[in-house]
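> Sharing a structure with you now.
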Amino acid sequence: MSALAPLIAERIRERGPITIAEYMAICLGHATHGYYMKQVPFGREGDFTTAPEISQVFGELIGLHLADVWLRAGAPNPVQLVELGPGRGTLMADILRATKGVPGFHAALSVTFVEMSPVLRAEQKARVPHARWADRLADIPSGQPLLLVANEFFDALPARQLIKTARGWQERHVALEDERFIPVVPEDAPLLDALVPAALQGAPEGSFYELLGGEEDAAVLNQRLSQDGGAALIIDYGHAKHSLGDTLQAMRQHAYADPFTAPGDADLTVHVDFEQIIERAGKALRVLGPVGQGRFLRALGLDIRTAVLAKANPPKAEALVVASRRLADSEQMGALFKVLSLSSPAWPAPAGLDS
Ligand SMILES: C[S@@+](CC[C@H](N)C(=O)[O-])C[C@H]1O[C@@H](n2cnc3c(N)ncnc32)[C@H](O)[C@@H]1O
């Protein structure tokens, strides 16, 4: 049994079933036993691997994308470079290394990480010692243009799951049965039809519709980009349009696990509904994408950069090519992972997302 299981069980015994979003929030963010709070979950020893951990080229190309739009916007100084959910800090370290030679960029920017995990904050500090940290995007002062990147952040935020029942759309909860956690829909759960897009409301009984977390971040991002200028890149796995389905998944030691077993000991995510992020962005921003990660990285020069690195380091050449293919080939991460750009209409269009 995981350390968190008795605490969740007690809460359910006291107050009744909890929503999937509450369950995810406890599993991932509980102060002592939450999945992200107690360990470094990435890499071969961990439970899963992310794009920046696969190849340095991922972060390098994102760095050049951000520096390019900053230069074309007139190189504003100062500018804030913010990363949501930076993991080990690898992506930011690669962004900074790749942009060292961009005239004036490093002198203009301050780096802030939005990170809830003290363990991961320590990892980030080891790679980017001069960064600052914030608990929430809203805590970062406004008034300066914003360059923001979020890789696999939104999929880790607590999501709500709605199920079409005979009564209408109701919320899925987690209950306790014989000391095991099971998903249920309490009969008296309120009807939430208004939260489901009109085109999906008539779906058959048993259908799932998921509501992504991060409303506050989306609202703040929206307001900051409109008011202060800037550009944001959101990268995650998921679908471009609203869709039905149960995508709640647990990963443990690089294999799928049951989300309701061993809470706190496995990563829990949902697929990102990019249309929800776009709707939350409102009408005030320029929206480009989402495009497949493969198309985005190749448009920015993935193959050329990989070839240059491979030539400079022949013993690693094959591994570099394999890593780039893993990031970009459509049967690997290139299509399921998508890239969305939100930016101020007063800024030039960011590169790599032409449709
Ligand atoms: C799946 S990891 C992605 C890490 C990194 N971006 C990468 O690509 O390797 C999710 C990251 O988001 C952080 N995180 C999750 N929920 C958060 C929240 N509500 N507030 C701040 N950080 C959060 C985690 O601690 C972790 O750093």
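To get this note's numbering, take the position in the sequence shown, counting from 1, and add 943. Idealized CB from N, CA, C, for every residue including glycine.
Please list, in chain order, all residues of the same chain as aspartate 1208 whose beta carbon is under 6 Å from its beta carbon, the five residues on each side excluded.
So the qualifying residues of the chain are Ser945.
> Please report the straight-line C-alpha distance between alanine 1081 and glutamine 1166, rounded to a whole angstrom.
For alanine 1081 and glutamine 1166, the distance between alpha carbons rounds to 10 Å.
> Compute the Euclidean distance between the alpha carbons of alanine 1118 and glycine 986, then round it to the nearest angstrom.
Approximately 33 Å between the Cα atoms of the pair.
> Taking the runs of the alpha helix (DSSP H) that are 4 residues or longer, which of them lie wholly in the stretch 944-989?
948-958, 963-972, all fully within the stretch 944-989.
> Say yes only if the C-beta of aspartate 1082 is nearer than 8 Å to one or more non-hydrogen atoms of ligand 1, and no if none qualify.
No.
> Below 8 Å, is the gap between the Cβ of serine 1150 and the nearest heavy atom of ligand 1?
For ligand 1, not one heavy atom lies less than 8 Å from the Cβ of serine 1150.
> Assuming proline 1233 is part of the beta strand (DSSP E), what are its boundary residues?
Unbroken beta strand (DSSP E) run through proline 1233: 1229-1235.
> So what's lysine 1043 in DSSP terms, helix, strand or just coil?
It is coil, neither helix nor strand.
> Would you call the CB atoms of aspartate 1210 and aspartate 990 closer than 9 Å?
Yes; because the gap between Cβ atoms is below 9 Å, this pair is in contact.
> Take glutamine 1113 as the anchor and find which of Tyr978, Arg1123, Met1194, Pro1129 has the nearest alpha-carbon.
Cα-wise, what sits closest to glutamine 1113 is Pro1129.
> Just to confirm, are isoleucine 1177 and valine 1282 a CB contact at a threshold of 9 Å?
For isoleucine 1177 and valine 1282, yes; Cβs fall inside 9 Å.
> I'd like the span of the alpha helix (DSSP H) that includes histidine 1049, first residue to last.
Segment 1048-1051, the alpha helix (DSSP H) holding histidine 1049.
> Report, in whole angstroms, the separation of the C-beta atoms of leucine 1155 and alanine 1102, which I expect to be a contact under 8 Å.
That pair is a contact at about 6 Å.
> In this structure, how does DSSP classify lysine 1068 when only helix, strand and coil are distinguished?
The answer is helix: DSSP assigns lysine 1068 an H, G or I state.
> List the DSSP bridge partners of methionine 1194.
DSSP lists Tyr1199, Asp1210 as partners of methionine 1194.
> Suppose the cutoff is 8 Å on Cβ atoms and the five residues either side in sequence are ignored; what does the same chain contact list for leucine 1090 look like?
Only Leu1009, Val1012, Trp1013, Val1022, Gln1023, Leu1024, Val1025, Leu1052, Gly1173, Ala1174, Ala1175 meet the Cβ criterion.
> In the DSSP assignment, the alpha helix (DSSP H) including lysine 1013 goes from what residue to what residue?
A small correction: the amino acid at residue 1013 is tryptophan; lysine does not occupy that position in the sequence shown. It spans 999-1015 - the alpha helix (DSSP H) in which tryptophan 1013 sits, taken as one unbroken run.
> Using only alpha-carbon positions, find the residue among Tyr1152, Thr1108, Val1234 that is nearest to aspartate 1131.
Checked all of Tyr1152, Thr1108, Val1234; the closest Cα to aspartate 1131 is Thr1108.
> Please name the residue, chosen from Glu1159, Lys1043, Ser1267, that lies closest to isoleucine 997 on a Cα-to-Cα basis.
For the residues Glu1159, Lys1043, Ser1267, the minimum Cα distance to isoleucine 997 belongs to Ser1267.
> Is isoleucine 1038 helix, strand or coil by DSSP?
Helix.
> What is the rounded straight-line gap between the Cα of proline 995 and the Cα of leucine 1034?
So the two alpha carbons sit approximately 5 Å from each other.
> With a CB to CB cut of under 7 Å and the five nearest residues on each side skipped, what residues in its chain are close to leucine 1279?
Cβ neighbours of leucine 1279 beyond the five flanking positions: Tyr1180.
> Compute every distance between the C-beta of tyrosine 1199 and the non-hydrogen atoms of ligand 1, then say whether any falls below 8 Å.
No, since every heavy atom of ligand 1 falls outside the 8 Å radius drawn around the Cβ of tyrosine 1199.
> Rounded to the nearest angstrom, what separates histidine 1214 and leucine 1191 at their Cα positions?
Cα to Cα, histidine 1214 sits roughly 7 Å from leucine 1191.
> By the DSSP assignment, the alpha helix (DSSP H) with valine 1265 in it spans what residues?
Unbroken alpha helix (DSSP H) run through valine 1265: 1260-1271.
> So, at 7 Å on beta carbons, what are the nonlocal neighbours of phenylalanine 920 in its own chain, with the 5 sequence-adjacent residues on each side left out?
Any answer about residue 920 is impossible in this case: the structure gives the chain only from 944 up to 1298.
> Apply the 10 Å Cβ neighbour rule to alanine 1255 and answer buried if 16 or more other Cβ atoms are within range, or exposed otherwise.
Per the 10 Å Cβ criterion, exposed.
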